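Novice:
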Amino acid sequence: MSKSTHAIQHKQITEVSKPRRYGMAAVEIGIALLIFFAFALNISPDNKTNFVMTPGGITQGVMKDLILPSRLTLIVMAALALIIGLVQLFKGFQKRTNLMVGLTGFLLIMSFLVWQGAGQSLNLGGMLTSAVLLAVPITLAAFAGILSERCGIVNIAIEGMMLFAAMTGTVVGSLTDSLILGVLGAIVGALALAAIHAMLSIKYKINQTISGTVINIFSAGITAYVSQKFLQVNETINTPPMFGRAPIPLLSDIPFIGPILFNTNIFVYLLLIILVILQFALFSTRWGLRLRSVGEHPKAADTLGINVNRLRWMGVLLSGAIAGLAGAFFTLGSVGRFEEGMTAGKGFIGIAAMIFGNWNPIGSLGAGLLFGFADAIGSKLSILGSGIPTQFMAMAPYLITMIVLAGFIGKGQAPAAAGTPYDKE
Amino acid sequence: MKKEEQEKNDLGKAFFRKFNKEDGDEPKEKKNFWQSISIPALAILTGLLIGAILIVLTSPRVYEAFAQGFLTGIGTAFNEVYVSYKALLTGAFGDIGKIISALQSGTPHQIRVAINPILESLVVSTPYILTGLAVALGFRAGLFNIGVEGQLFIGAACATFVGYSIKGLPGFIHMPLALLAGMAGGAFWGFIPGFLKAKTGGHEVINTIMMNYIAFRLTEWLLTGPMTRQGAGSMPVSPVIEKSAEIPQFFPSPIRFHLGFFMALAAAWLIWWLLFKTTWGLNLRTVGTNPRAAKYAGLSTVKTTIMGMSLSGALAGMAGAVQTLAINRSMAIGLSSGYGFDSIALALIGNNHPLGVVLSSLLFGSLRNGATRMMVVSRIPIDIVSVIQAIILMLVAAPGIIQAIYHLKDLKTGDNKVFLSGWGGKA
Numbered sequence: 000m001s002k003s004t005h006a007i008q009h010k011q012i013t014e015v016s017k018p019r020r021y022g023m024a025a026v027e028i029g030i031a032l033l034i035f036f037a038f039a040l041n042i043s044p045d046n047k048t049n050f051v052m053t054p055g056g057i058t059q060g061v062m063k064d065l066i067l068p069s070r071l072t073l074i075v076m077a078a079l080a081l082i083i084g085l086v087q088l089f090k091g092f093q094k095r096t097n098l099m100v101g102l103t104g105f106l107l108i109m110s111f112l113v114w115q116g117a118g119q120s121l122n123l124g125g126m127l128t129s130a131v132l133l134a135v136p137i138t139l140a141a142f143a144g145i146l147s148e149r150c151g152i153v154n155i156a157i158e159g160m161m162l163f164a165a166m167t168g169t170v171v172g173s174l175t176d177s178l179i180l181g182v183l184g185a186i187v188g189a190l191a192l193a194a195i196h197a198m199l200s201i202k203y204k205i206n207q208t209i210s211g212t213v214i215n216i217f218s219a220g221i222t223a224y225v226s227q228k229f230l231q232v233n234e235t236i237n238t239p240p241m242f243g244r245a246p247i248p249l250l251s252d253i254p255f256i257g258p259i260l261f262n263t264n265i266f267v268y269l270l271l272i273i274l275v276i277l278q279f280a281l282f283s284t285r286w287g288l289r290l291r292s293v294g295e296h297p298k299a300a301d302t303l304g305i306n307v308n309r310l311r312w313m314g315v316l317l318s319g320a321i322a323g324l325a326g327a328f329f330t331l332g333s334v335g336r337f338e339e340g341m342t343a344g345k346g347f348i349g350i351a352a353m354i355f356g357n358w359n360p361i362g363s364l365g366a367g368l369l370f371g372f373a374d375a376i377g378s379k380l381s382i383l384g385s386g387i388p389t390q391f392m393a394m395a396p397y398l399i400t401m402i403v404l405a406g407f408i409g410k411g412q413a414p415a416a417a418g419t420p421y422d423k424e
Numbered sequence: 000m001k002k003e004e005q006e007k008n009d010l011g012k013a014f015f016r017k018f019n020k021e022d023g024d025e026p027k028e029k030k031n032f033w034q035s036i037s038i039p040a041l042a043i044l045t046g047l048l049i050g051a052i053l054i055v056l057t058s059p060r061v062y063e064a065f066a067q068g069f070l071t072g073i074g075t076a077f078n079e080v081y082v083s084y085k086a087l088l089t090g091a092f093g094d095i096g097k098i099i100s101a102l103q104s105g106t107p108h109q110i111r112v113a114i115n116p117i118l119e120s121l122v123v124s125t126p127y128i129l130t131g132l133a134v135a136l137g138f139r140a141g142l143f144n145i146g147v148e149g150q151l152f153i154g155a156a157c158a159t160f161v162g163y164s165i166k167g168l169p170g171f172i173h174m175p176l177a178l179l180a181g182m183a184g185g186a187f188w189g190f191i192p193g194f195l196k197a198k199t200g201g202h203e204v205i206n207t208i209m210m211n212y213i214a215f216r217l218t219e220w221l222l223t224g225p226m227t228r229q230g231a232g233s234m235p236v237s238p239v240i241e242k243s244a245e246i247p248q249f250f251p252s253p254i255r256f257h258l259g260f261f262m263a264l265a266a267a268w269l270i271w272w273l274l275f276k277t278t279w280g281l282n283l284r285t286v287g288t289n290p291r292a293a294k295y296a297g298l299s300t301v302k303t304t305i306m307g308m309s310l311s312g313a314l315a316g317m318a319g320a321v322q323t324l325a326i327n328r329s330m331a332i333g334l335s336s337g338y339g340f341d342s343i344a345l346a347l348i349g350n351n352h353p354l355g356v357v358l359s360s361l362l363f364g365s366l367r368n369g370a371t372r373m374m375v376v377s378r379i380p381i382d383i384v385s386v387i388q389a390i391i392l393m394l395v396a397a398p399g400i401i402q403a404i405y406h407l408k409d410l411k412t413g414d415n416k417v418f419l420s421g422w423g424g425k426a
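Line order of the protein sequences matches chains A and B. Each residue of the first sequence is one higher than the last, beginning at 0 in numbering that gives the first Met the number 0. Each residue of the second sequence is one higher than the last, beginning at 0 in numbering that gives the first Met the number 0.
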């Protein structure tokens, strides 16, 4: 066992190469300049931004409005981003580089809000609540990706699994009128597709990205087929029960955080529970070590008596189960009916969140929240009546992902064996 | 036996023979050709069979018939499949009886109407040929271009812009110019992930997916902002392109058969020539199949990666341009219907060979066109084609399944293995 542990520890990044360090620094300093010149200097000095800190219709955990002097706040934010950029330039953050890019992205989003809200009032609490909800499917998809890639199977089929699960969840939920069975139906649906993915990529050893493509095409086709043939004709099988808001006693009374995290959809709690379990299982149990060793160096793991392909099957099936849960969120947690193509690429964005978060559950949650936040702003922006096209804000997560990818993946943070089938010779 | 020994002695020669498989003209290769055809053929057959099963399983009429009796049920099931697939066939290739009587009557108008389904199948196939080529070219260079959809959007937007904003040019300049603009736009959209892959190692699968979403948002903004048509109502749509920018259709409306189809065929021929008849193509394929060997041979992976992605993007952009310049004549948001993933399937089913791509595109273009009629006749959603396509792709990618189903001996399936790197940019 010691050998495989050694192999894993070796992969931790100790140094970020110079061009990448400079590139990241340039991005961070650029954001600082943007905040200063485009936002801070663009408003009158005595404007105030009024952040409403409690979502509408909430009585527990109320917090007073936060009133900020707009320009001063923006200047402070620009300075923070600048400091991060300068430290990055001269010293580098090594392991925390991703975190710092994420933080700068967060500063950009917040400063944008302060700038947009100058002279008005803005419901930050409500925005964060919807950001968390929007982050749920992205983060769950990222978790699904982590489970599968950590054991060495690239899974771009998460999108398809989610879509299929959303449909099976609706149908089972509507027919049985049971939430639990609906969720189980979603999970079973995704598991079936995960089994196909595992069979194609582990048993038949076909390229894992192609296998994922097969599932994505199949899922898009079959859900549209069933939807047109049955769900649109017979509404009774497309009206599942829904998870409502479920406040957790005591925790939901915490000001500000309470309404956002503890007086919301059950899926948010599930997400947090899975996060804890996953983080612990992957990094603190023997099972997790074995799973990771299979993803890093299958041959070494095999030599030590670990059944590589069994663990890979397990990883892919667990990945499918979580993707199923993410699919259930769409129909049983947020929309309440199945619509064609309703996952709208969230599975792919989840994969991006996984990479952003360094194949690490906590990191992926952070990335998922950032993406969710950008999404929430995008949909709120039109209400604010801003001159900035909403589409550009909506592009931000994708651009950030590409920047992060350009900066880090070359250094091999990905599980080393992800994408290669294991041939026992 | 002796020959084999000799071959063993001359490893270099054997390697080269294997390497230049496409040009081999020995009888042995011919046998391999038939064997490599048998897998796709059986895959297509199986896909259609599973499609039939899906039709039967989801037909309420079959269940009602089974309630009356087993034989009635079986009969209705076969009838259902027969009616549906017949509609699919006549939708795709026309009604043979009608074609014959039209040919006998001899009036050009009637002949045109009778063969319109075939022509329409070619029209539907055109963008598939181009996008399939784009993906196939990428695979040959060891690159997985999932960004075809985005490149197609950008290509369409560029072509549309040149098509309506420039006025007063003669057709023989304006149309090629708009087409080139579309190709350039697509090439640029492919260049970015290619550059990132070559220079930073950022994996093209993720980057092209991200570029897709950026393209969707960008075109959405263009169509609601700078490129919007005034007074067009609630659906964002661009102005109509100038007459001089149109790719000509050969027959009067409603027959949409256009020059773009032949452009797509020409592109296929050109890509074949580039890949298999030029040094550039050999280098590209070497980098694609064996990056390490390519490095030792002194080939530039950076250049090939960037060129491969750009050219792939140009083909996808051309698909978008052809579609707008020949068919839509303006750009709306709902331009594409999943060409991105379909093209991956088509490239792989066609074994990443230009001729194979053309054939698989013709097949699926016809299926899609026929499915429109099937939807009218027997209310079977058109998306059944996607299901069939996914199954065929699965069977082609994993020949082991076909061998297991049909109890075939281990077949030599040609080199439909795709060589792609993992996330880390390693081979």
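Yeah, the Cβ is synthetic: ideal placement off N, Cα and C, and Gly gets one too. Small disclaimer: the values here were computed from a predicted structure and weren't measured.
Going along chain D, which residues have a C-beta under 8 Å from Met394 of chain A?
Specialist: The structure shown contains no chain D; the protein chains it does contain are A and B.
Novice: Run down chain B in chain order and give the residues with a C-beta less than 7 Å from the C-beta of Tyr224 of chain A.
Specialist: Residue 224 of chain A sits at position 225 when you count from the first residue of the first sequence. Neighbours of Tyr224 of chain A on chain B, chain order: Pro380, Asp382, Ile383 and Val386.
Novice: Using the Cα positions of Arg427 of chain A and Ser120 of chain B, report the straight-line distance between them to the nearest angstrom.
Specialist: This structure leaves residue 427 of chain A out entirely; chain A is present only between 0 and 424.
Novice: Using 10 angstroms around the beta-carbon of Ser318 of chain A, count the other beta-carbons present and answer buried if the total reaches 16, otherwise exposed.
Specialist: Reading the first sequence from its first residue, position 319 is the one you call residue 318 of chain A. Burial call: buried.
Novice: Please report how far the alpha carbon of Leu310 of chain A lies from the alpha carbon of Thr263 of chain A, in whole angstroms.
Specialist: Taking the first sequence and counting its residues from 1, one reaches residue 310 of chain A at position 311. Taking the first sequence and counting its residues from 1, one reaches residue 263 of chain A at position 264. Cα to Cα, the separation comes out at about 35 Å.
Novice: Considering only the beta carbon of each residue, do Gln231 of chain A and Val153 of chain A sit closer than 7 Å?
Specialist: By one-based count along the first sequence, residue 231 of chain A stands at place 232. By one-based count along the first sequence, residue 153 of chain A stands at place 154. No, the pair does not count as a contact, with Cβ atoms beyond the cut-off.
Novice: One question on the structure: do Ala214 of chain B and Gly149 of chain B come within less than 7 Å of each other, judged by their Cβ atoms?
Specialist: The residue labelled residue 214 of chain B in the question sits at position 215 within the second sequence. The residue labelled residue 149 of chain B in the question sits at position 150 within the second sequence. Yes, the Cβ-Cβ distance between Ala214 of chain B and Gly149 of chain B is below 7 Å.
Novice: Might you give, ordered along the chain, the residues of its own chain that have their beta carbon closer than 7 Å to the beta carbon of Ala76 of chain B, omitting 5 neighbours on each side?
Specialist: For the purposes of this step, residue 76 of chain B is taken as residue 77 along the second sequence, with counting starting at 1. The residues are Val55 and Val61.
Novice: Just mark Met374 of chain B as buried or exposed, buried being the case when its beta carbon has 16 or more other beta carbons within 10 Å.
Specialist: In the second sequence, the residue the question calls residue 374 of chain B occupies position 375. Met374 of chain B should be labelled buried.
Novice: In chain order, what residues of the same chain lie with their CB nearer than 7 Å to the CB of Ile57 of chain A, ignoring the 5 residues before and after it?
Specialist: Indexing the first sequence from 1 puts residue 57 of chain A at position 58. Taken in chain order, the residues that qualify are Pro258 and Asn262.
Novice: Using a Cβ-Cβ cutoff of less than 7 Å, which residues in the same chain neighbour Leu345 of chain B once the five nearest sequence positions on both sides are dropped?
Specialist: Against the second sequence, residue 345 of chain B aligns to sequence position 346. Correct list, in chain order: Tyr127, Gly131, Val356, Ser359, Ser360 and Phe363.
Novice: Rounded to whole angstroms, what's the CA-CA distance from Phe432 of chain A to Thr222 of chain A? Just pull it up for me.
Specialist: Residue 432 of chain A lies beyond the residue range present for chain A, which begins at 0 and ends at 424; the question has no answer from this structure.
Novice: What does a CB cutoff of less than 6 Å around Ala325 of chain B pick up in its chain, not counting 5 residues either side in sequence?
Specialist: As a first step, residue 325 of chain B is located in the second sequence; it is residue number 326 there, counting from the start. Closer than 6 Å at Cβ, skipping near neighbours: Ile246, His257 and Gly259.
Novice: How would you call Gly426 of chain A, buried or exposed, if buried means at least 16 neighbouring beta carbons within 10 angstroms?
Specialist: A question about residue 426 of chain A goes unanswered here, because the residues of chain A that appear run from 0 up to 424.
Novice: Starting from the beta carbon of Ile401 of chain B, find every residue of chain A whose beta carbon is closer than 8 Å, and list them in chain order.
Specialist: Here residue 401 of chain B refers to the residue found at position 402 of the second sequence. Near Ile401 of chain B there are no residues of chain A at all, since even the closest Cβ is about 11 Å away, more than 8 Å.
Novice: What does DSSP give as the partner residues of Pro427 of chain A in its beta bridges?
Specialist: Because chain A here runs from 0 to 424, residue 427 of chain A falls outside it and cannot be looked at.
Novice: Excluding the five sequence neighbours on either side, which residues of its own chain have a C-beta within less than 6 Å of the C-beta of Ser124 of chain B, listed in chain order?
Specialist: Indexing the second sequence from 1 puts residue 124 of chain B at position 125. Counting only Cβ-Cβ distances below 6 Å, and skipping sequence neighbours, we find Ser360, Leu361 and Gly364.
Novice: Grab the span of the beta strand (DSSP E) containing Gly390 of chain B for me, first residue to last.
Specialist: Counting from 1 along the second sequence, the entry for residue 390 of chain B is found at position 391. For the record, residue 390 of chain B in the displayed sequence is Ile; it is not Gly. Careful: Ile390 of chain B lies outside any beta strand (DSSP E), inside the alpha helix (DSSP H) at Ile383 to Ala396.
Novice: Quick check for students: name the residue ranges of the alpha helix (DSSP H) that lie wholly in the region 199-257 of chain B, counting only runs of 4 or more.
Specialist: Here the runs fully enclosed are 203-223.
Novice: Using the rule of at least 16 other Cβ atoms within 10 Å of the residue's Cβ for burial, across every protein chain shown, is Trp272 of chain B buried or exposed?
Specialist: As a working mapping, residue 272 of chain B is identified with position 273 in the second sequence. By the neighbour-count rule (16 or more Cβ atoms within 10 Å), Trp272 of chain B is not buried but exposed.
Novice: May I ask which residues mark the beginning and end of the alpha helix (DSSP H) holding Asn237 of chain A?
Specialist: Within the first sequence, the letter at position 238 stands for residue 237 of chain A. Unbroken run through Asn237 of chain A: none, as it is neither H nor E.
Novice: Using 7 Å as the limit for Cβ to Cβ distance, is Val213 of chain A near chain B?
Specialist: If you number the first sequence from 1, residue 213 of chain A lands on position 214. By this cut-off, Val213 of chain A is an interface position.
Novice: Along the beta strand (DSSP E) that carries Lys47 of chain A, what are the first and last residues, could you check?
Specialist: On the first sequence, residue 47 of chain A is found 48 positions in, with the first residue counted as 1. Counting along the chain, the beta strand (DSSP E) containing Lys47 of chain A begins and ends at Lys47 to Val51.
Novice: Straight-line CA distance for Pro240 of chain A to Leu178 of chain A?
Specialist: Along the first sequence, one-based indexing puts residue 240 of chain A at 241. Along the first sequence, one-based indexing puts residue 178 of chain A at 179. Each residue's alpha carbon lies about 6 Å from the other.
Novice: If you check the beta carbons only, do Leu123 of chain A and Met52 of chain A fall under 7 Å apart?
Specialist: To locate residue 123 of chain A, count along the first sequence from 1; it is residue 124. To locate residue 52 of chain A, count along the first sequence from 1; it is residue 53. Contact flag set, yes.
Novice: Between which two residues does the beta strand (DSSP E) carrying Pro44 of chain A extend?
Specialist: Here the question's residue 44 of chain A lines up with position 45 in the first sequence. Taken as a continuous stretch (DSSP letters only), Pro44 of chain A belongs to no beta strand (DSSP E), as it is neither H nor E.
Novice: Is Gly434 of chain A near Ala185 of chain A, with beta carbons less than 7 Å apart?
Specialist: The shown model of chain A, from 0 to 424, leaves out residue 434 of chain A, and the question about it has no answer.
Novice: For Phe340 of chain B, which residues in chain A fall below 8 Å Cβ to Cβ?
Specialist: Working through the second sequence from its first residue, we reach residue 340 of chain B at position 341. Per Cβ cutoff of 8 Å: Thr212, Asn215, Ile216 and Ala219.
Novice: So the alpha helix (DSSP H) Leu429 of chain B belongs to, where does it begin and stop?
Specialist: Residue 429 of chain B lies beyond the residue range present for chain B, which begins at 0 and ends at 426; the question has no answer from this structure.
Novice: So Ser200 of chain A is in the beta strand (DSSP E); what residue range does that whole segment cover?
Specialist: Numbered from its first residue, the first sequence carries residue 200 of chain A at position 201. Here Ser200 of chain A belongs to no beta strand (DSSP E), and DSSP marks it neither H nor E.
Novice: Looking at the secondary structure, which residues open and close the beta strand (DSSP E) in which Pro68 of chain A lies?
Specialist: Taking the first residue of the first sequence as position 1, residue 68 of chain A is located at position 69. Residues Leu65 to Pro68.
Novice: Using DSSP bridges, identify the partner residues of Leu121 of chain A.
Specialist: Translated into positions along the first sequence, residue 121 of chain A becomes position 122. Answer by DSSP bridge pairing, in chain order: A:Phe50.
Novice: Which of the three DSSP states is assigned to Ala413 of chain A in this structure?
Specialist: The sequence position of residue 413 of chain A within the first sequence is 414, counting from 1. Ala413 of chain A falls in the coil class under three-state DSSP.
Novice: Nearest to Ser200 of chain A by alpha carbon, out of A:Gly335, A:Leu65 and A:Ile155?
Specialist: As a working note, residue 200 of chain A is residue 201 in the first sequence. When each option's Cα is compared against that of Ser200 of chain A, the closest is A:Ile155.
Novice: Is the region 129-137 of chain A touching the region 353-371 of chain A, taking contact as three or more C-beta pairs under 8 Å?
Specialist: Touching, per the Cβ criterion.
Novice: Could you tell me whether the region 179-188 of chain B touches the region 287-302 of chain B, where touching means 3 or more Cβ pairs closer than 8 Å?
Specialist: Contact between the region 179-188 of chain B and the region 287-302 of chain B is absent, because fewer than three Cβ pairs lie under 8 Å.
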